[in-house]
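K.L.:
Numbering (the numbering used here), first residue to last: 498 to 678.
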């Protein structure tokens, strides 16, 4: 059996960049690849479905020697179970990207943006004077408080708070009209 756990934190720290990239082997097909710019990446080389694969485990020192060995153990376990850890990692990253895109979209859909879309559809049915009045009241009374908020984060309490602010300023008519819209 080939020796494992050859590397130490000290030997990793002392590994200096060379003109060409090189590998420091830890055993069990895991190594630290040292690049000319000084960056150091953990990688695991394995065979799956008759093809050689390389799984990037992480960047040293973000991923310590112990963490890299733990990840190697987990990856080897998955390979024995018939699961390709590289495919699993790609799926996880894809899912994470999709989740981040949804969050960005949710945050990009602000109250002001939705209100603008609503206004452009509704204003075709109104007179020009009424359209100006509606837009003006949204601009003066609602957008300053709620305009930049993502629509999905706005609660009933936020709306009530905006209306109460108008009441406190004595703008009862504006408050009443905004509630109608």
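Just so you know, even glycine gets a beta-carbon here, dropped at the ideal spot from N, CA and C. Given the structure is predicted, the values throughout are model-derived calculations rather than measurements.
From residue 527 to residue 649, what distance separates their C-alpha atoms?
P.N.:
Roughly 46 Å separates the two Cα atoms.
K.L.:
Once you ignore the five residues that flank residue 644 on each side, which residues in its own chain have a CB closer than 7 Å to its CB?
P.N.:
Correct list, in chain order: 607, 608 and 609.
K.L.:
Name the DSSP beta bridge partners of residue 550, please?
P.N.:
According to DSSP, residue 550 bridges with 543.
K.L.:
Provide the residue span of the beta strand (DSSP E) that contains residue 524, from first to last.
P.N.:
519-524 is the span of the beta strand (DSSP E), which, as asked, contains residue 524.
K.L.:
If you draw a straight line from the C-alpha of residue 534 to the C-alpha of residue 581, how long is it?
P.N.:
Roughly 31 Å separates the two Cα atoms.
K.L.:
DSSP three-state call for residue 637: helix, strand or coil?
P.N.:
Note: residue 637 maps to helix in three-state DSSP.
K.L.:
Please identify the residue among 635, 538, 589 and 573 whose C-alpha is closest to the C-alpha of residue 615.
P.N.:
Nearest C-alpha to residue 615: 635.
K.L.:
Roughly how many angstroms lie between the CA atoms of residue 523 and residue 591, to the nearest whole one?
P.N.:
Distance between the alpha carbons of residue 523 and residue 591 is about 30 Å.
K.L.:
Kindly list the residues whose CB is nearer than 6 Å to the CB of residue 597, restricted to its own chain and excluding five residues on each side of it in sequence; keep chain order.
P.N.:
Counting only Cβ-Cβ distances below 6 Å, and skipping sequence neighbours, we find nothing.
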